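One structure below.
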Amino acid sequence: MPTRQITGTTVTVPPLGDNITEVTVTRWLKRPGEEVTADEPLLEVATDKVDSEIPAPAAGTLLEILAAEDEVVPIGGALALIGTPDPASESPTDATSEPPHISATESGTAAESSSESAAVRDVAVSAATTPDGSNPAIGGGPAVSLSATPSETGVTAHIPSAQPGDRVERLPRIRQTIARRMLESLQTSAQLTTVVEADVTRIARLRDESKADFLGRTGVKLSFLPFFTKAAIEALAEHPVINAAVNADCTEVTYHAAVHLGMAVDSSKGLMVPVIRDAQKLNIPALAQAITENAELVRSGRIGPDTLSGGTFTITNTGSRGALFDTPIVNQPQSAVLGMGAVAERVVPQHDSTGAVSFGVRSMVYLSLSYDHRIIDGADAARYLATVRRRLDSGFTAEELV
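Numbered per full-length UniProt numbering, the sequence shown spans residues 1 to 402.
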């Protein structure tokens, strides 16, 4: 019997960014025996940060699939072989066979990794806590080991059997990641939330007066989000414990010199959390542009995995869907996350210098800070929120929008 020739170019898992050590094969786009061209999408893989298409590193025939769907493969691990089949052993069956649907627990075929890895096209999937409406939602999810199971976390639940008319679906990888992250975050840290209310009437007026000119100059719509973000970042300089991280043993605290701001953006496949590096150096126009650019990269599927890690502080725009406030979950290993609710007009009493009371319609917003009580006390959180509130109450100037 002829022996099938399987020599050729080995398709391997390319580097996908810092802290990503393995991927899960989610879908093969080609079948054994089919012809592929160089850089043609070959398969889809998933990580806890991003889903990606891996293209063929060379043109030829897909000779063999070495990693089945749902199988976990390390970075550099072999996925498939591409080359020229042995004509003596080629048969119609080879060219029409389906990709193997093998349990991830079954062993795959080992192969030498290629020293060169193919480029990866990233598609939008990542984890965060809240969705957004017209503006990107800001938030993030903590990184955890994807090997954790419910039994390892000590959580068990009885799920009733499906009844007629029920629909049962496999939980997508991204939702599995979100579930693990949220549970792990609450089990890792002692979380508490403090809420204050801020008057943003001056900001609302400035925004209304400036948004047309701002759009013409920058090409970006002026929302409330850049103002809130700027105030939150400035306050971190006065309260460094909010932009800090404690080690696993609770013996050391790292106070970050830079503010790497995590931003969660809703997409058709889930929420991604791109990070704005050195956000403390950016003014309002630059922040508005960074927020918009990250949202566009996510929704177009062009965000890279390196942009999805390294955050030191998170902001979640909980008001983007009209919520007044929520109690967001801290993005591990960070120590705090700031939630910003919907801006709403309300009748608010005001006192003048003589003590006389008047009533007027004001633009108000709730700010909620969830934090790790292991290193941040309630008084620390209240002081930070007070600083943010004062900055928002005092407003910004037209010069700060240039």
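By construction, the Cβ of each residue, glycine as well, lies at the ideal position given by its N, Cα and C atoms.
Quantities reported herein were computed from a predicted structural model and do not represent experimental measurements.
- Run through DSSP, which three-state label would Arg31 get? Position 31 of the sequence shown, counted from the first residue, corresponds to residue 31. In this structure, Arg31 counts as coil in the three-state DSSP scheme.
- Query: Taking the C-alpha atoms as reference points, what is the distance between Pro57 and Asp70?
  - Reply: Your numbering for residue 57 matches position 57 in the sequence shown. Your numbering for residue 70 matches position 70 in the sequence shown. Answer to the nearest angstrom: the Cα atoms are 22 Å apart.
- Item | Residue closest to Phe359, alpha-carbon to alpha-carbon, out of Ala198, Arg346 and Thr229 | Counted from its first residue, the sequence shown places residue 359 at position 359. Of Ala198, Arg346 and Thr229, the residue nearest in Cα terms is Arg346.
- Message: So for Ser300, helix, strand or coil by DSSP?
- Response: Within the sequence shown, residue 300 is the residue found at index 300, counting from 1. Here Ser300 sits in helix by DSSP.
- Across which residues does DSSP place Phe313 in a beta bridge pair? Residue numbering aside, residue 313 sits at position 313 when the sequence shown is read from its first letter. Answer by DSSP bridge pairing, in chain order: Leu261.
- Query: Leaving out five residues before and five after Ile375 in sequence, what residues of the same chain have Cβ atoms less than 7 Å from its Cβ?
  - Reply: Your numbering for residue 375 matches position 375 in the sequence shown. Excluding the 5 residues flanking it on each side, Ile375 has same chain C-beta neighbours closer than 7 Å at Val241, Ala244, Val246, Val253 and Ser335, in chain order.
- With burial defined as no fewer than 16 other Cβ atoms inside 10 Å of the residue's Cβ, what is the status of Thr292: buried or exposed? Indexing the sequence shown from 1 puts residue 292 at position 292. Flag for Thr292 reads buried.
- Task: Determine the contact status of Val75 and Thr21, defining contact as a CB-CB distance below 9 Å.
- Result: Sequence index remark: in the sequence shown, residue 75 carries index 75 (1-based). Sequence index remark: in the sequence shown, residue 21 carries index 21 (1-based). A quick correction: the sequence has Ile, not Val, at residue 75. Cβ atoms of Ile75 and Thr21: closer than 9 Å.
- Query: Which residues mark the beginning and the end of the alpha helix (DSSP H) in which Pro226 is found?
  - Reply: In the sequence shown, the residue the question calls residue 226 occupies position 226. Leu225 to Glu238 is the span of the alpha helix (DSSP H), which, as asked, contains Pro226.
- Output yes or no for whether 9 Å exceeds the beta carbon distance between Ala179 and Leu171. By 1-based counting over the sequence shown, the position of residue 179 is 179. By 1-based counting over the sequence shown, the position of residue 171 is 171. Remark: C-beta atoms of Ala179 and Leu171 approach each other more closely than 9 Å.
- Query: With C-beta atoms as the reference, is Ala381 less than 9 Å away from Leu192?
  - Reply: As a first step, residue 381 must be located in the sequence shown, where it is residue number 381. As a first step, residue 192 must be located in the sequence shown, where it is residue number 192. In this structure, Leu192 lies closer than 9 Å to Ala381 by Cβ.
- Item | Beta-carbon proximity of Ile315 to Phe227, cut-off 9 Å | Here the question's residue 315 lines up with position 315 in the sequence shown. Here the question's residue 227 lines up with position 227 in the sequence shown. No.
- Query: Per DSSP, what kind of secondary structure is Thr47 in: helix, strand or coil?
  - Reply: Looking up residue 47 in the sequence shown gives position 47. Shown here, Thr47 sits in coil according to DSSP, grouped into three states, outside any helix or strand.
- Query: Which residues bound the beta strand (DSSP E) around Thr194?
  - Reply: On the sequence shown, residue 194 is found 194 positions in, with the first residue counted as 1. Counting along the chain, the unbroken beta strand (DSSP E) around Thr194 starts and ends at Gln191 to Asp199.
- Spatially closest choice to Val259 from Ala356, Met364, Ser309 and Arg299, by CA coordinates: Your numbering for residue 259 matches position 259 in the sequence shown. Taking only the C-alpha atoms, the option nearest Val259 is Ser309.
- Message: My assumption, with CB atoms under 8 Å, is that Met340 sits in contact with Leu369. Please give the rounded CB distance.
- Response: As a first step, residue 340 is located in the sequence shown; it is residue number 340 there, counting from the start. As a first step, residue 369 is located in the sequence shown; it is residue number 369 there, counting from the start. No, Met340 and Leu369 are not in contact; Cβ-Cβ is about 10 Å, not under 8 Å.
- Could you give the distance in angstroms between the alpha-carbon of Ala204 and the alpha-carbon of Asn294? Position 204 of the sequence shown, counted from the first residue, corresponds to residue 204. Position 294 of the sequence shown, counted from the first residue, corresponds to residue 294. Between Ala204 and Asn294, the C-alpha separation is close to 24 Å.
- What do you get for Thr302, buried or exposed, if any count of 16 or more other CB atoms within 10 angstroms of its CB means buried? For the purposes of this step, residue 302 is taken as residue 302 along the sequence shown, with counting starting at 1. The amino acid occupying residue 302 in the given sequence is Arg; Thr does not appear at that position. With fewer than 16 other Cβ atoms within 10 Å, it is exposed.
- Task: With DSSP as the reference, please indicate the residues paired to Asp372 in a beta bridge.
- Result: Working through the sequence shown from its first residue, we reach residue 372 at position 372. For Asp372, which the question treats as bridged, DSSP gives the partners Gln191.
- Task: Apply the 10 Å Cβ neighbour rule to Ala248 and answer buried if 16 or more other Cβ atoms are within range, or exposed otherwise.
- Result: Numbered from its first residue, the sequence shown carries residue 248 at position 248. Around the beta carbon of Ala248, a 10 Å sphere encloses fewer than 16 other beta carbons of the protein chains shown; the residue is thus reported as exposed.
- If we ignore side chains and look at the alpha-carbon of each, how far apart do Lys281 and Gly395 end up? What you label residue 281 is simply residue 281 of the sequence shown in a count that begins at 1. What you label residue 395 is simply residue 395 of the sequence shown in a count that begins at 1. Cα-Cα distance, rounded: 19 Å.
- Item | Residues near His239 in its chain [Cβ-Cβ closer than 8 Å; skip 5 each side] | Position 239 of the sequence shown, counting from 1, holds the residue named residue 239. Asp380, Arg383, Tyr384 and Thr387, listed in sequence order.
- In angstroms with no decimal places, state the Cα-to-Cα distance between Val298 and Gly77. Here the question's residue 298 lines up with position 298 in the sequence shown. Here the question's residue 77 lines up with position 77 in the sequence shown. So the alpha carbons of these two residues sit roughly 27 Å apart.
- Query: Where do the ends of the alpha helix (DSSP H) carrying Ala386 lie?
  - Reply: Numbered from its first residue, the sequence shown carries residue 386 at position 386. Element bounds for Ala386: Gly378 to Ser394.
- Buried or exposed (CB count within 10 angstroms, at least 16 for buried), Gly355: Along the sequence shown, one-based indexing puts residue 355 at 355. Within a 10 Å sphere around the beta-carbon of Gly355 sit fewer than 16 other beta-carbons, which makes this residue exposed.
- Rounded distance between the beta-carbons of Val343 and Val195, thought under 8 Å: As a first step, residue 195 must be located in the sequence shown, where it is residue number 195. As a first step, residue 343 must be located in the sequence shown, where it is residue number 343. So it is not a contact: roughly 15 Å between Cβ atoms.
- Query: Quick one: Cα of Gly378 to Cα of Ala190, how far?
  - Reply: In the sequence shown, residue 378 corresponds to position 378, counting from 1. In the sequence shown, residue 190 corresponds to position 190, counting from 1. Between the C-alpha atoms of Gly378 and Ala190 there is a straight-line separation of about 12 Å.
- Message: Less than 9 Å between the C-beta atoms of Leu261 and Ile233, yes or no?
- Response: Here residue 261 corresponds to residue number 261 of the sequence shown, with the count starting at 1. Here residue 233 corresponds to residue number 233 of the sequence shown, with the count starting at 1. The answer is yes: Cβ separation under 9 Å.
- How close, in whole Å, do the beta carbons of Ala290 and Ile276 come, if the pair is a contact with beta carbons under 8 Å? Indexing the sequence shown from 1 puts residue 290 at position 290. Indexing the sequence shown from 1 puts residue 276 at position 276. Contact holds; Cβ gap of about 5 Å.
- Task: Less than 8 Å between the CB atoms is what I'm expecting for Arg173 and Thr24, so what's the real figure, rounded?
- Result: Mapped onto the sequence shown, residue 173 falls at position 173. Mapped onto the sequence shown, residue 24 falls at position 24. Yes, Arg173 and Thr24 are in contact; Cβ-Cβ is about 6 Å, under 8 Å.
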